[in-house]
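Chains P and H, in that order, are what the protein sequence lines are.
842 is the number of the first residue of the first sequence in this note's numbering; add one for each residue after it.
166 is the number of the first residue of the second sequence in this note's numbering; add one for each residue after it.
Note that beta-carbon positions come from the ideal geometry of N, C-alpha and C, so glycine has one too.
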Amino acid sequence: MAQTEAELLDNPVAGNPTLILRSPDFHAITDAVAEPIERATPIGWWFFFIPSLALLGLLGVAVSWLFWEGIGIWGLNVPVGWAFDITNFVFWIGIGHAGTLISAILFLFRQKWRTSINRAAEAMTIFAVMCALLFPGIHVGRVWVAYWMFPLPNQMGVWPNFRSPLLWDVFAVSVYGTVSLLFWYVGLIPDLATMRDRGTTHGRKFGYGLFALGWRGSMRQWHHYESAYLILAALATPLVLSVHSIVSMDFAVSLLPGWHTTIFPPYFVAGAIFSGFAMVLTLMVICRKVFRLEHIITLRHFDYMAKIMLVTGSMVGFAYATEFFTAWYSGNPYEFFTFLNRAGGPYAWAYWIMVSCNVISPQVFWFKKARTSIPILFVMSIIINIGMWFERFVIIVTSLHRDFLPSSWGYFVPTRWDIACLLGSFGLFFTMFCLFVRFLPMVATAEVKGVLPQADPHHGSDLQPERSKDHRPAWPHRGPEPAPGGAS
Amino acid sequence: MPLFRQQVPTGPHYGVLAEFATTTDLYHACERVRDAGFTRWDAHTPFPVHGLDKAMGLKRSPLPWIVLVAGLTGAAGGFGLQYWVHADAYPLVISGKPYFAWPAMIPITFELGVLFAAFGAVFGMFGLNKLPMHHHPLFKSKIFERVTDDAFFISIESRDPKFDPSATGKLLESLGARSVELLES
């Protein structure tokens, strides 16, 4: 190939950006996506799967010990009653948001480049929500009464308090998980049918066929399917904005300086998208290499994602500055002390890790060379995720550790079980993701085929729709408009 | 449309299945089949072909109405549950607010509205598409396996009043079909 990938991307045909390289036909797309699943397991996959599974085992040990012994095994104290548990919860739920942004919001904005990455990003959302749901579940201490969070009739005649943001959170996160799963599954149905029809073994035909529900690519089915997909995107868009807003209200509705601010909902949503795109990038850089999908997930996709990260990273930086300004401008000494303490107190190290990872380093994305360099993108995606984890840690722990009275000041140090739970949640996430890329099509082939030029029935200069109208035979019952008789 | 009508034709033949090489051929063939007055027919494609629903003369999907009803049910149920709990079943004074402090009930009302609307969209779509339906006469055709890969088909069912095993096949051939197959039912 004489031209480099970057040159090919800069040479769009007739003003349309080239989304898929090497101009493949439909069958080549199916092959590129389905073959890695049908081949024998690549060695590289075990290289990621075994460490992930080991970390998942660690999570099992840590959670079992937690249930046995209680949350005293964590480094929590008075005044720091929330630390790694809720930090991990907010971190993971934020990761999930980029998946919904890619699958729903970019769909509504007709951003066709999303088709190469939306499937994997949606899967990431579901696994991130699983990790997120784990932490509020286990941090309650007496997990066997965790069902008290749900409005279930019980012998005590007691009901949960629907006026508490913590209960809004239970509903928001579980609805988000359910809707994300439905959205992902609906998108998978045509591709599961592809896997069924390509299947050579009885097991594959049955397994994929069962979940493909007998999909037969009928236009009458596509007609309702497309309507359902559009509606789900339109529902998921306000939902995703509401979820992280409600998560932020867990803090903002309290009266604690450092938490009690109205900027939280938009600030949390921007940070969620920022960290989520970083995680999508981490996963996609590895997957496109391992599964040789460089022509489907191109540098153009990475370029677009880097731009979104630059925007959301700058929004987050702006929010950090606004918080400081508001703390000073409010004239409230407690509020201002909390923020000075954040940047210069015992946790200043965490604050400055956060600022350098989230605000300073993403500025490199102003340069196209950085946005299209795989090594820089990969390193930046890790840095941003570290930074966003620290953002949640800073918000939660620095606001708690110096209470109103100096006699109730404290310092949180994580124990080995705090760290085991954090690492273990990565084990859960990456184990699920490894299984996903091994057994399910990680690119939405039906959608990618739809953005190829030859997918458009009016593609090509000599095939204008007007011409075909003139050639239509004058059937006696033909009306002036397309006859609706075809619809049943 | 009756809810439980016969799903597939009875009789010796299911219908004819014709393969087309490109989306353009398929699009124009669909326009002609529509104009020929067939009613029990379908196009089969690996991805939704833009504008093909118009070429087939399909009506708008009623799904948005199903979703609207489901979403309103969810929102009303969510609001009603909270009202009943706080104002009737288990009244508690919280922060000196009235029992029926409706603004605090909006987030959960919204979430449950979205949840039910999403269920309406997915299960409504399954209902309209009659999914799951794991057995279908079309699956007996060998070439039909490529419908989820790169092939485009039109199928016309034998119970269509205008159906004729040889004439319908000839019509599809004249519209540029690459191959035409008569399917057993």
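| Query | Result |
| --- | --- |
| Taking only three categories from DSSP, how would you classify P/Ala-1285? | coil |
| Counting only Cβ pairs nearer than 9 Å, list the residues of chain H close to P/Glu-1067. | Pro-213, Asp-218 and Ser-226 |
| Give me the subset of the segment 274-300 of chain H whose CB atoms are less than 8 Å from a CB atom of chain P, sorted by chain position. | Phe-275, Glu-276, Leu-277, Val-279, Leu-280, Ala-282, Ala-283, Phe-284, Ala-286, Val-287, Gly-289, Met-290, Phe-291, Leu-293, Asn-294, Leu-296, Pro-297, Met-298, His-299 and His-300 |
| Could you tell me if P/Lys-1210 is buried or exposed, where buried requires 16 or more neighbouring beta carbons within 10 angstroms of its beta carbon? | exposed |
| With P/Pro-1232 and H/Phe-212 assumed to form a contact (beta carbons below 8 Å), what rounded beta-carbon distance in angstroms separates them? | Contrary to the premise, residue 1232 of chain P reads as Glu rather than Pro in this sequence. Wrong, their Cβ atoms sit about 40 Å apart, outside the cutoff. |
| Expressed to the nearest angstrom, what Euclidean distance is found between the alpha-carbon atoms of P/Ala-903 and P/Gly-1268? | 12 Å |
| Can you give me the C-alpha to C-alpha distance between P/Leu-1071 and H/Ser-331, rounded to a whole angstrom? | 40 Å |
| Measuring CA to CA, which of P/Leu-1096, P/Glu-910 and P/Asn-929 is closest to H/Ser-260? | P/Leu-1096 |
| So, under 8 Å CB-CB, P/Leu-1263 and P/Asn-929 are touching, yes? Tell me the CB distance rounded to an integer number of Å. | 6 Å |
| Among all the DSSP beta bridges, which residues are the ones paired with H/Ala-353? | In the structure as shown, chain H starts at 166 and stops at 350, and residue 353 of chain H therefore has no counterpart that could be examined. |
| Check H/Asp-353 in the structure and name its three-state DSSP category. | Outside the displayed span of chain H (166 to 350) sits residue 353 of chain H, for which this structure offers no information. |
| Between H/Glu-349 and chain P, is the shortest Cβ-Cβ distance under 8 Å, so that the two count as touching? | no |
| Are the CB atoms of P/Asp-1259 and P/Gly-935 within a distance shorter than 8 Å? | no |
| Could you tell me whether any non-hydrogen atom of the ligand MN is closer than 7 Å to the CB of H/Thr-274? | Of the ligands one can find in the structure shown there are none, so the ligand MN has no counterpart to examine. |
| Please decide whether H/Glu-338 counts as near chain P, where near means a Cβ-Cβ distance under 8 Å. | no |
| Could you tell me the alpha carbon to alpha carbon distance between H/Leu-347 and P/Asp-1144, rounded to whole angstroms? | 50 Å |
| Use the C-beta contact count for H/Pro-227: other C-beta atoms within 10 angstroms, 16 or more gives buried, fewer gives exposed. | exposed |
| Given that H/Thr-188 touches chain P, what residues does it touch there, using C-beta distances under 8 Å? | Gln-1295, Ala-1296, Asp-1297, Pro-1298 and His-1300 |
| Could you spell out the range, first to last residue, of the alpha helix (DSSP H) harbouring P/Ser-1015? | 1006-1039 |
| Taking a contact to mean a Cβ-Cβ separation below 8 Å, would you say P/Thr-1035 touches P/Ala-1296 in this structure? | no |
| Is P/Ser-1059 helix, strand or coil when you go by DSSP? | strand |
| Report all residues from its chain with a CB closer than 7 Å to the CB of P/Asp-1091; omit the five preceding and five following residues, and keep chain order. | Pro-1006, Leu-1007 and Asp-1010 |
| Closer than 8 Å, CB to CB, is P/Trp-906 near chain H or not? | no |
| Run down chain P in chain order and give the residues with a C-beta less than 8 Å from the C-beta of H/Pro-229. | Ser-1068 and Ile-1072 |
| Strictly below 9 Å CB to CB, what residues from chain P border H/Ala-266? | Arg-1004 |
| So, is P/His-980 buried or exposed, given that buried needs 16 or more other C-beta atoms within 10 angstroms? | buried |
| Quick one: does P/Phe-1012 have its CB under 8 Å from some CB of chain H? | yes |
| Can you name, in chain order, every residue of its own chain whose Cβ lies under 6 Å from the Cβ of P/Met-945, other than the five neighbours on each side? | Before going on, a small fix: residue 945 of chain P reads as Ala here, not Met. Closer than 6 Å at the Cβ level, and outside the excluded window around P/Ala-945, lie Ala-1074, Ala-1077 and Thr-1078. |
| Would a C-beta distance cut-off of 8 Å place P/Gly-1055 and H/His-301 closer than the cut-off? | yes |
| Express the C-alpha separation of P/Ser-1086 and H/Ile-271 in angstroms, rounding to a whole number. | 13 Å |
| Determine the DSSP secondary structure at P/Trp-886, reduced to helix, strand or coil. | helix |
| Could you give the distance in angstroms between the alpha-carbon of H/Thr-238 and the alpha-carbon of P/Val-1084? | 21 Å |
| Can you confirm whether P/Gly-1112, when its beta carbon is compared against all beta carbons of chain H, has any partner nearer than 8 Å? | no |
| State yes or no: is the C-beta of P/Cys-1128 within less than 8 Å of the C-beta of P/Ser-893? | no |
| If we cut at 8 Å on Cβ distances, does P/Gln-996 have a partner in chain H? | no |
| Following the continuous alpha helix (DSSP H) through P/Ser-1116, name the residue where it begins and the one where it ends. | 1105-1131 |
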